[in-house]
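For the sequence shown, position 268 matches number 268 in full-length UniProt numbering, and the numbering has no gaps at all.
Note that the Cβ used here is the ideal one computed from N, Cα and C, for glycine as well.
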Amino acid sequence: MHCNPVKGSGMATIFSRERFGSYVLIAPLLVFMIAVFLVPLGMVMWRSFSDTELITALPETAAVLDQWDGINLPPEAAFDTLADEIKNVAPARLASLSRRLSYENPSARELLTGTKRKIGDAAPGSGRERLAATDKRWEEPSTWQVMKRASGPVNSYHILSALDLKRDYGNGIVQARPEGGIYRDVMMRTFSIAAITTIVCIILAFPLCAFLAGRSDRTRNFLLIIVLLPFWTSILVRTTAWIVLLQDRGVINLVLQNLGIIDQPLGLLFTRTGVIIAMVHVMLPFLIFPLLGSMRAVDPRLMRAAASLGARPLYAFFRVYLPQVVPGLMAGAMLVFIITIGFYITPALLGGPGDQMVGYYISMFTTATLNWGLASSLGLFLLIITAVLFTLQRRFSRGGINLG
1 MHCNPVKGSG MATIFSRERF GSYVLIAPLL VFMIAVFLVP LGMVMWRSFS
51 DTELITALPE TAAVLDQWDG INLPPEAAFD TLADEIKNVA PARLASLSRR
101 LSYENPSARE LLTGTKRKIG DAAPGSGRER LAATDKRWEE PSTWQVMKRA
151 SGPVNSYHIL SALDLKRDYG NGIVQARPEG GIYRDVMMRT FSIAAITTIV
201 CIILAFPLCA FLAGRSDRTR NFLLIIVLLP FWTSILVRTT AWIVLLQDRG
251 VINLVLQNLG IIDQPLGLLF TRTGVIIAMV HVMLPFLIFP LLGSMRAVDP
301 RLMRAAASLG ARPLYAFFRV YLPQVVPGLM AGAMLVFIIT IGFYITPALL
351 GGPGDQMVGY YISMFTTATL NWGLASSLGL FLLIITAVLF TLQRRFSRGG
401 INLG
């Protein structure tokens, strides 16, 4: 039997047109995702490596410092270039540079503005003499090292700062603060709160889903509506409601005192316990639905077959039942953990100063201190961790797990 080449080419053309039509249908969504998600995300992430304030305000000085090894004082050319260049720098650019240097040296704004104001009145001489006449700090290597670390246009300053590290030109990468890290502690706090929230959600969701999976459709749907009720209110409203419940004269403390369980109110508000309680309330439905889907897919006859073959209930649970629900359990747990590490409102309203997560600091750096580089670096680490967890979850769901 011979194939008609004309007919075959016609079918290929039809399939090609159908494929092209499919691409046309998804093109608006693709353009929308690129324009409002990928491009802004890329621009924000680029700020983690971008450091252009010095090279924009004082380009010649930045070029000279780029050739300096960072040890001892810079060459005389750096003094001469800065003394000549700072006189003519635009105020807006000097303000931007001052803000950038103040991330590392809080007195940088006063140093630069004072130097610009006084340099014109300095006695004639070398650049080093004129700068020293305006401020003696120009004779200190640390002042110039701060500027070199900002010489850009691309460097690792913000990435290292997010890890509580800095570049020391005599000793390489060192601790930024001898007393200990700040942002590493914030990251560990964020992960610990997210992990505890995820574990508590698993403990609560597993028996609930097992109960729902064995109910009739009507009963299960009614109970799922109750589970969905939190989704119908704003997260801000739900968090505010927990303030009413957790405060010293709140519902929880009043009930416990009236029952005689406690004599004094429990300190639940502005504590990590209160934060975790509220976050579990918000995140529990995200674990219930994927886990319930996995449990409903398990054939109940398998457990009966295991029992008929002599398997004890606990052994049958771990060898027969649990491996089948683990993909849904892990999918829900990953979803809860990934969403939780980015929480901002709940810790800000219910937690104390030691309970704030990384989202609080990202907000502070973007709105208060305008340190977009450090905010972007913290966000970049969260993005990398989220991508790694998502990849692991995908591989785990595809390949399953062997528990025995």
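Sequence-distant residues of its chain with Cβ nearer than 6 Å to residue i (five each side left out)
| i | result |
| --- | --- |
| F337 | A194 and T198 |
| Y183 | A162 and D164 |
| G373 | R47 and H158 |
| P290 | G328, A331 and G332 |
| G172 | none |
Bridge partner(s) assigned by DSSP for residue i
| i | result |
| --- | --- |
| K166 | V174 |
| V154 | S50 |
Limits of the unbroken alpha helix (DSSP H) element including residue i
| i | result |
| --- | --- |
| L224 | D217 to L228 |
| Y315 | P313 to A316 |
| R130 | G127 to T134 |
| E110 | A108 to K118 |
| M357 | No alpha helix (DSSP H) contains M357, which DSSP labels as neither H nor E. |
| S192 | Y183 to A213 |
| K148 | P141 to K148 |
| W242 | I235 to L246 |
| R304 | P300 to S308 |
| T340 | L322 to T340 |
| G351 | Element bounds for G351: n/a, residue is neither H nor E. |
| residue 406 | The chain is shown from 1 up to 404; residue 406 falls before or after that span and cannot be answered. |
| V36 | Element bounds for V36: n/a, residue is neither H nor E. |
| residue 467 | Here the chain has residues from 1 to 404 only, and residue 467 is not among them. |
| P124 | That residue, P124, is in no alpha helix (DSSP H); it is neither H nor E in DSSP. |
| L101 | P91 to S102 |
| A63 | P59 to D66 |
| D80 | E76 to E85 |
Spatial neighbours of residue i in its chain, beta-carbon cut-off 8 Å, leaving aside the 5 residues before and after
| i | result |
| --- | --- |
| G152 | S50, D51, T52, E53, L54, I55 and A62 |
| T340 | I193, A194, T197, T198, M279 and M283 |
| L256 | I262 and L266 |
| M1 | Legend: pLDDT at M1 = 49, less than 50; position of this residue unreliable, no value from coordinates given. |
| S156 | F49 and R167 |
| residue 435 | This structure leaves residue 435 out entirely; the chain is present only between 1 and 404. |
| G400 | With a pLDDT of 45 at G400, under the threshold of 50, the modelled position of that residue is not reliable, and no figure is offered here. |
| F390 | M334 and I338 |
Rounded distance between the beta-carbons of residue j and residue i, thought under 8 Å
| i | j | result |
| --- | --- | --- |
| E60 | E85 | 5 Å |
| Q294 | P323 | In the sequence as presented, Gln is not what sits at residue 294; that position holds Ser. S294 to P323, Cβ: 10 Å. No contact. |
| A78 | L65 | 6 Å |
| D80 | G114 | Going by Cβ atoms, the distance from D80 to G114 rounds to 19 Å, so no, they are not a contact pair. |
| L101 | V146 | 6 Å |
| V320 | L302 | 5 Å |
| G352 | F270 | 4 Å |
| L259 | I345 | Their Cβ separation, rounded to whole angstroms, is 32 Å, which puts L259 and I345 out of contact at 8 Å. |
| A123 | A108 | At roughly 25 Å, the Cβ-Cβ gap does not stay under 8 Å, so A123 and A108 are not in contact. |
| A306 | A316 | 4 Å |
Member of the options whose CA lies at the smallest distance from the CA of residue i
| i | options | result |
| --- | --- | --- |
| residue 405 | T134, D135 and R167 | Nothing can be reported for residue 405, as the shown portion of the chain is limited to 1 through 404. |
| G70 | A241, V358, L287 and W144 | W144 |
| A176 | Y103, G351 and Q393 | Y103 |
| L292 | A305, A205 and L259 | A205 |
| G180 | A162, G170, W138 and T190 | A162 |
| L97 | D80, F79 and K116 | K116 |
| L350 | L41, A108, L246 and R218 | L246 |
| L329 | M43, C201 and V227 | C201 |
| L42 | S376, P353, F390 and T386 | It is worth fixing the name first, because residue 42 is Gly in this sequence and not Leu. Here the closest residue by C-alpha is S376. |
| G274 | R220, G354 and F317 | G354 |
| T190 | S363, P347 and Y23 | P347 |
| I288 | S363, S234 and L212 | L212 |
| P141 | P178, L73 and I173 | L73 |
| P106 | V388, T369, L383 and I385 | T369 |
| Q67 | E18, P91 and K148 | K148 |
Other residues of its chain near residue i: CB distance less than 7 Å, five sequence neighbours each side excluded
| i | result |
| --- | --- |
| R137 | L111 and T143 |
| G120 | K87 |
| Y361 | V186 and L378 |
| S16 | none |
| L380 | M45 and S48 |
| F343 | M279, M357 and G359 |
| P285 | V227, L228, P230 and F231 |
| N253 | P265 and L266 |
| G250 | V244 |
| A83 | I119, G127, R130 and L131 |
| L382 | I341, G342 and V358 |
| T366 | W372 and A375 |
| C209 | I288, L291, L292 and M295 |
| L392 | none |
The ligand MG heavy atom lying under 7 Å from the CB of residue i
| i | result |
| --- | --- |
| L350 | Annotation note on the ligand MG: not contained in the displayed structure, which lists no ligands. |
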